[in-house]
Every structure is written in C-alpha cells, then in structure tokens.
Amino acid sequence: MSAHRAQWKGHIKLGDISCGVGLYTAASAAERISFHLISKKTRNRLKREFVDSETEETVERADQVKGFELDNGDHIMIDPDEVTAVIPDSDKLLELEAFIPCADVDDIYFDKPYYLVPTDETSEPTFAALRDALSKCNATAIARTVLFRRMRTVLIRAHGRGLIATTLNFDYEVLPSEEAFDGVPKIKIDDEMLDLAKHIISTKRGTFDPAQFDDRYENALATLIKAKAEGRTLPRPKPVKVSKPGDLLQALQESAGLRSGSGKPKAANTNSKTRKRPASSDASGQRAKSTRKKAS
Amino acid sequence: MMASRRPYWSGYLKLSLVTCPVAMTSATSEAEKVRFHTLNKQTGNRVVSRYVDSVTGKPVKESDEAKGYERAEDDYVILTDKDLESVELETVRTIDIEKFVLRESIEWIYLETPFYLTPNDKIGDEAFAVIRDAMKAENVLGISRVVLGRRERAVVLEPRGKGIVVWTLRFGDEVRPEKDYFKDIDETPDADAKTEIERLIEKRTRRWSADMVSDPIQESLLKLIAKKKRALKSSKKPSRSHGEGKGSNVVDIMEALKRSVSKELKSRKSA
C-alpha cells in the first residue's frame, strides 16, 4: 500500500465491529542547520562520553542502569526488567472508548499525527464505515493502546479517504491555558480601538497554505557566517519601537489608513484595503494554492 | 507550580503599526514525568556525560565549548550566541501578523507545537488586548512567522481566554503526502456497520476531559518506586541494596515519593 513501514499494526474495535489497521508516521521533523561542538582552544570537534561522576571512568552501556533520584541526591536503583514489567502487554487493539465532537477537542494536547490505513481488503468496508460515520457525526474517537512502550491515548478522526490518529500528550505534560493566562490583566477595550483593529484585520484577510511556506533562516545565517568568516563586524539588531498606551489609538488609525502618521503607512501593505472576504489575489495568492482541500 | 515557568522566547507582537512586548511559554513540559537518572551498576554512582576533545581525548570545560559551522573539512567558523543574534531577519524578535484566515482553514495535521503568548510588560497590555479581542470578534486566526530553534517557522495565532495560543506549523516537506497512504482505500462503506457505528457514536459521546489522557504506566512506576522505598525502610540497611543511601535517608525517600505522587494528583486536578 505504501513504501513506508507501519509503526504499529493491530485492530480498531468498537462493540462487535472491528477492522485491521496499520499506523504510519504522517509527519517527520525536518533537519535544521547543525553546528558542531568544537573546542575554542584546539578547534577540534568534541565528542560525548559517559563517565562515572565519582571515578570519572567511562561507563559501558551494559553497566548503565536506571535510578530514581531522591531529594538528598541519593538514588533508588531500578532494574530494567522491573520497568518492563509495569508496561502492560500490548493487545494490539485500538478500542474506541468514547467520542468527542470535533469542536470540543482541546488541541493543546496534540502530539504526533499518524495515518491509519486498513491492513487488508476485508477490513476496508468496515474501515470506510467508521470513517464515514465519524465524518457524518462530526466526531472524533478516543482510544488507548500500548504504543512505543507507553499507554497512549490517540484521537482518531476522518481525513479524506482515510483516518488520522493523533497521539495526545499526558495530562501532567500540558499546562492548562487558563493557568498560563492567569496573570494577564483584564482590560476593557475602547470600542473605537476595537473597530479600528477589526478593520485592519479585514484588510489582511486571506488564505494560507503551510505547505508553501519557506524558511528564510538558512539564507540569513549563511550571510552571517560569511561575514564572520571574512572577519567583518556583524550588524547589531535594531531596537524595536513599542507602541505607548497614549499612542495606541493613533497607531491604530495610521494602520487603518485613516490618518497619515510620521512614518510611511506600510501598514496595509500590498493588500487592497477594501477587501473583506478571504480572497486569493496578489499577496495572498503567491503562497496559497488555488485548490484547497477541505479542512479537516 | 507550572505557571512560574520561564518564557521560551520573548520579543514583540506586531499588527501593522502597533507593537507590544510579549513572552512565549511552552504549553507542554516533561517536568512532571517520572524521570530516571543513569547509574553505574558497579559503583551506584551517577553516570554523567561530558565532552572530550576528539583528537586529544581530554575533557573540555564548558566555557571552552563553542558552536562551529564546518566551512571545510576540520575547518570551523565559530559562532557565539551573540553572533547569532545578528542574523538579519526581523522574525528573530518580532511576530508580525501578516494575514488573517478563517479558523477552520488550517488543517490539524500541520499543528506542531503549542505555545502561550502573553504581554511581557505593562506598556503593551492594552495593545495586546486590542489585537486579541479583534481576532476573537472576527473569528479569525493570525498567520505570521518567527525564528525558533534556528529555523524560521510559520505560526498560527489563536486568541484563547485572556491570551493567545501560538502554534508552530509543520513544514510542507515534513507532512507526508496523504495520497501515498490513502489512495488505495475503497470508498464503499459497509452500510450496516455504518449505521451501527453512528448509533454508538451518539451513545458514547462525551465531553472532553483530561482524564482521557492519564498515564497508567507512570502510576505503576510510582508504585514500583514506592514499593522499593518500603523495602528500604523495612530492611533498615538500605546500603545493602546497590548502595543508594544511608539509613538516615529513609524519611527523605518517603517525602520525595509523597511529593511526586501529590504533584501527579494536583496536575491531574488542575487539568
């Protein structure tokens, strides 16, 4: 079915209904420019070594074991077999335990996406039935299974002809947004300012296709490395001018093109100011593909 | 306990001519995961990693470590963190919102890492609130770019509560083409199964709850550690077992575990 190998194979189960599925990595992390660690003194590359903190002698892989650190710095040693023993045997079942309306899902928990594909032809009609039912009900399914030596929760949803399973982060790994935003002061926004900001937004409406995005960092870094290699002085970053509360209204007015300020109004940029609906001409169109697939 | 995290990034949020100082905090953290250290089985001491010079084999002090870009074989241009700040891209410091899109228009598969964006100085509180509330009122997401981890990332800004959630988006070549996987799937569903599944979906629809993402294996690990601790206590001669401590540490062990467990419970409650 595809050139890639399945990360996991098993069955989706719901009541008496089940079908064979394979789980395939849907996204991989791209490489970034890598630097090497080198010694300032010798300019040689560095390599990593694992040593005993007391004796400073190299510790072989076979002698490395896990330890749980106590507050006083001492450790309880844990045998690898003991850790393995707490991991339940995988039953290779994605049992759909509950369903959540798509709109109700808290995406902050999203970890990694996987494509779910039927493993054999006899599984296909059931697989298609689940896919179509999920999409008709606008629902996602929650399932749990042992994945990569951990009991993981996955969120399954219909996507095109297939299903996408997203692993979810554990409760203790996610900081709730209410907690993170707790310290942000409540401010009553002046209607005039709000209207101006809404107007600015309307001038910048468009579409965006992440697939067309280009990373400009590499080029900028290449320029920097060249300058440094040639011994030139590197430019210092320009200070950023912050809008003062007293100037906020004026900055909004200038941005909205209602008032010409001191600087040139590069605000509304190349987009035409009157456009309200998402359109795809000029600036937006360069990056947006004309045919967009339906959002999932 | 988690709220006091240090920002991952700080800089400016910009809409047209309006600019305000902001800080970005990671929405996820491994801090509360039960984590193990590596020990030397022979001595019971901790195993630490260190860097040695690949040619001389001698350990290298941290202050002598440098980032090097390999210009030619074994020929490096050294770059300090300060040098890297000189990269001429405004997106190193500023999230300038380029455009606004409909909420549903960004596919989930592109969402990579969530961050929380908050005002970082009183001076920008109002500007931040104006940008956030206008996005909320228009029901749109903001699109911008920012340099994180030595890459320029496309980001989506979503107003949420009193703050803004910033998602980095995966690059186009990071998302594998779905047609490679889905193209052979038969379109025809089993009609009976579909009816039955729809019935079950309705019956089993729940509200989202953080209980759905608990970690039973972490709980088992905590229990395992607790059991070992009890064994230590009853033997009263803990040094016998792999030399991890003296008898006087037993109380501390109890406390450490209690704290771990209560941390666990607290985080579950607050979630």
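The listed protein sequences correspond, in order, to chains A and B.
For the first sequence, the working numbering assigns the number -4 to the initial residue and increments by one for each residue that follows.
For the second sequence, the working numbering assigns the number 6 to the initial residue and increments by one for each residue that follows.
Glycine included, each C-beta is placed from N, C-alpha and C at the ideal position.
Since the model is a prediction, treat every value here as computed from it, not as a measurement.
Can you give me the Cβ contacts of B:V152 inside the same chain, cut-off strictly under 8 Å, excluding the 5 residues immediately before and after it?
Taking the first residue of the second sequence as 1, we reach residue 152 of chain B at position 147. Cβ neighbours of B:V152 beyond the five flanking positions: V92, L94, T96, V97, R158.
Should the region 110 to 118 of chain B be regarded as contacting the region 102 to 120 of chain A, the criterion being three or more beta carbon pairs within less than 8 Å?
Judged by Cβ distances under 8 Å, the region 110 to 118 of chain B makes contact with the region 102 to 120 of chain A, as three or more pairs qualify.
Can you list, in chain order, the residues of its chain whose CB lies under 7 Å from that of B:D130, leaving out five sequence neighbours each side?
Indexing the second sequence from 1 puts residue 130 of chain B at position 125. Around B:D130: P124.
Out of curiosity, what's the CA-to-CA distance linking A:W3 and A:D242?
Sequence index remark: in the first sequence, residue 3 of chain A carries index 8 (1-based). Sequence index remark: in the first sequence, residue 242 of chain A carries index 247 (1-based). Their backbone Cα atoms lie some 57 Å apart in a straight line.
Locate the beta strand (DSSP E) running through A:Q59, then write down its first and last residues.
Numbered from 1 along the first sequence, position 64 holds the residue referred to as residue 59 of chain A. First-last of the beta strand (DSSP E) with A:Q59: 59 to 64.
Could you run through the region 17 to 38 of chain A and flag, in chain order, every residue whose CB is less than 8 Å away from some CB of chain B?
Of all residues in the region 17 to 38 of chain A, Y19, T20, A21, A22, S23, A24, A25, R27, I28, F30, H31, L32, I33, S34, K35, K36, T37, R38 have a Cβ within less than 8 Å of some Cβ in chain B.
For the region 60 to 82 of chain B, enumerate the residues whose C-beta is nearer than 7 Å to any C-beta of chain A, in chain order.
Those residues of the region 60 to 82 of chain B that come within reach of chain A (Cβ to Cβ, closer than 7 Å) are V60, T61, V65, D69, E70, A71, K72, G73, Y74, E75, R76, Y81, V82.
Looking at the C-beta of B:V171, does it have a partner C-beta in chain A at a distance below 9 Å?
Position 166 of the second sequence holds residue 171 of chain B. So, not an interface residue.
Applying the 10 Å Cβ sphere with the 16-neighbour rule, what's the burial state of B:D220?
As a first step, residue 220 of chain B is located in the second sequence; it is residue number 215 there, counting from the start. Classification of B:D220: buried, given that the 10 Å Cβ count is 16 or more.
DSSP three-state call for A:P306: helix, strand or coil?
Here chain A comprises residues numbered -4 to 291, so residue 306 of chain A is not present and cannot be evaluated.
How many angstroms separate the CA atom of B:E183 from the CA atom of B:G147?
Along the second sequence, one-based indexing puts residue 183 of chain B at 178. Along the second sequence, one-based indexing puts residue 147 of chain B at 142. When rounded, the distance between both Cα atoms is 26 Å.
Could you pull the start and end residues of the beta strand (DSSP E) that A:D47 belongs to?
On the first sequence, residue 47 of chain A is found 52 positions in, with the first residue counted as 1. From DSSP, the beta strand (DSSP E) with A:D47 extends over 41 to 47.
A:D11 by DSSP, collapsed to three states: which one?
The residue you call residue 11 of chain A lines up with position 16 of the first sequence. Reduced to three states, the DSSP call for A:D11 is coil.
The alpha helix (DSSP H) spanning A:H194 covers which residue range?
Within the first sequence, the letter at position 199 stands for residue 194 of chain A. Per DSSP, A:H194 belongs to the alpha helix (DSSP H) from 186 to 198.
Measuring alpha carbon to alpha carbon, tell me which residue in B:N45, B:S239, B:S59 is nearest A:D74.
Counted from its first residue, the first sequence places residue 74 of chain A at position 79. Of B:N45, B:S239, B:S59, the residue nearest in Cα terms is B:N45.
B:S219 CB to nearest chain A CB: under 9 Å?
For the purposes of this step, residue 219 of chain B is taken as the residue at position 214 of the second sequence. Yes, B:S219 lies at the interface with chain A (some Cβ there is under 9 Å from its Cβ).
Less than 8 Å between C-beta atoms, sequence neighbours within five positions excluded: which residues of the same chain meet that for A:V54?
Reading the first sequence from its first residue, position 59 is the one you call residue 54 of chain A. So the qualifying residues of the chain are F45, V46, D47.
For B:N50, return the contacting residues in chain A, with the cut-off set at a CB-CB distance below 8 Å.
As a working note, residue 50 of chain B is residue 45 in the second sequence. Near B:N50 (Cβ distances below 8 Å), the residues of chain A are D47, S48, E49, T50.
What distance in whole Å lies between the Cβ atoms of B:I190 and A:V112, which are believed to be in contact at a cut-off of 8 Å?
Here residue 112 of chain A is taken as the residue at index 117 of the first sequence, counted from 1. Here residue 190 of chain B is taken as the residue at index 185 of the second sequence, counted from 1. With 8 Å as the limit, A:V112 and B:I190 qualify as a contact, their Cβ atoms being about 7 Å apart.
Can you tell me which of B:D197, B:S54, B:T61, B:E78 puts its alpha carbon nearest to the alpha carbon of B:E67?
Taking the first residue of the second sequence as 1, we reach residue 67 of chain B at position 62. Selected option, being the one with the closest Cα: B:S54.
By a C-beta neighbour count over all protein chains shown, 10 Å radius and 16 as the cutoff for buried, is A:G258 buried or exposed?
Looking up residue 258 of chain A in the first sequence gives position 263. Since pLDDT at A:G258 reaches only 46, below the 50 mark, its modelled position is unreliable, and the value read off the structure follows with that caveat. By the neighbour-count rule (16 or more Cβ atoms within 10 Å), A:G258 is not buried but exposed.
Output needed in chain order: residues of the region 147 to 171 of chain A with a Cβ under 8 Å from some Cβ in chain B.
Result list: T148, R152, H154, G155, R156, G157, I159, T161, L163, N164, F165, D166, Y167, E168, V169, L170, P171.
From A:R139 to A:V16, what does the alpha carbon distance come to, in whole angstroms?
By 1-based counting over the first sequence, the position of residue 139 of chain A is 144. By 1-based counting over the first sequence, the position of residue 16 of chain A is 21. Going by the C-alpha atoms only, they are around 15 Å apart.
Identify the residues that DSSP records as bridge partners of B:N45: which are they?
As a position in the second sequence, residue 45 of chain B is number 40, starting the count at 1. Its beta-bridge partners are A:Q59.
Can you list the residues of chain A that B:S149 reaches, using a CB-CB cut of under 8 Å?
In the second sequence, residue 149 of chain B corresponds to position 144, counting from 1. In chain order: nothing, as chain A lies at least about 10 Å away.
In chain order, what residues of the same chain have a beta carbon less than 8 Å from the beta carbon of B:R155, not counting five sequence neighbours either side?
For the purposes of this step, residue 155 of chain B is taken as residue 150 along the second sequence, with counting starting at 1. So the list reads L89, once near-sequence residues are dropped.
Is there a C-beta anywhere in chain B that falls below 9 Å from the one on A:Q2?
As a first step, residue 2 of chain A must be located in the first sequence, where it is residue number 7. A:Q2 does not count as touching chain B.
Report yes if the C-beta distance between B:D69 and A:S34 is below 9 Å; otherwise report no.
Walking along the second sequence from the start, residue 69 of chain B turns up at place 64. Walking along the first sequence from the start, residue 34 of chain A turns up at place 39. Going by C-beta atoms, B:D69 is nearer than 9 Å to A:S34.
Taking a Cβ distance cut-off of 7 Å, strictly less, list which residues of the region 57 to 71 of chain A are near chain B, in chain order.
So the close ones are D58, Q59, V60, K61, G62, F63, E64, L65, D66, N67, D69, H70, I71.
Would you say A:G201 and B:V106 are within 9 Å of each other, going by their C-beta atoms?
On the first sequence, residue 201 of chain A is found 206 positions in, with the first residue counted as 1. On the second sequence, residue 106 of chain B is found 101 positions in, with the first residue counted as 1. Yes, these two residues count as a Cβ contact at 9 Å.
In chain order, what residues of the same chain lie with their CB nearer than 8 Å to the CB of A:V141, ignoring the 5 residues before and after it?
On the first sequence, residue 141 of chain A is found 146 positions in, with the first residue counted as 1. So the qualifying residues of the chain are I82, P83, D84, S85, D86, R147.
Got a sec, what are the start and stop residues for the alpha helix (DSSP H) B:F187 sits in?
Taking the second sequence and counting its residues from 1, one reaches residue 187 of chain B at position 182. Element bounds for B:F187: 184 to 187.
Going by alpha carbons, who is nearest to B:G166 out of A:R40, A:P180, A:N214, A:F143?
For the purposes of this step, residue 166 of chain B is taken as residue 161 along the second sequence, with counting starting at 1. Closest option to B:G166, Cα to Cα, is A:P180.
Which partner residues does A:V235 have in the DSSP bridge list?
What you label residue 235 of chain A is simply residue 240 of the first sequence in a count that begins at 1. None, per the DSSP bridge assignment.
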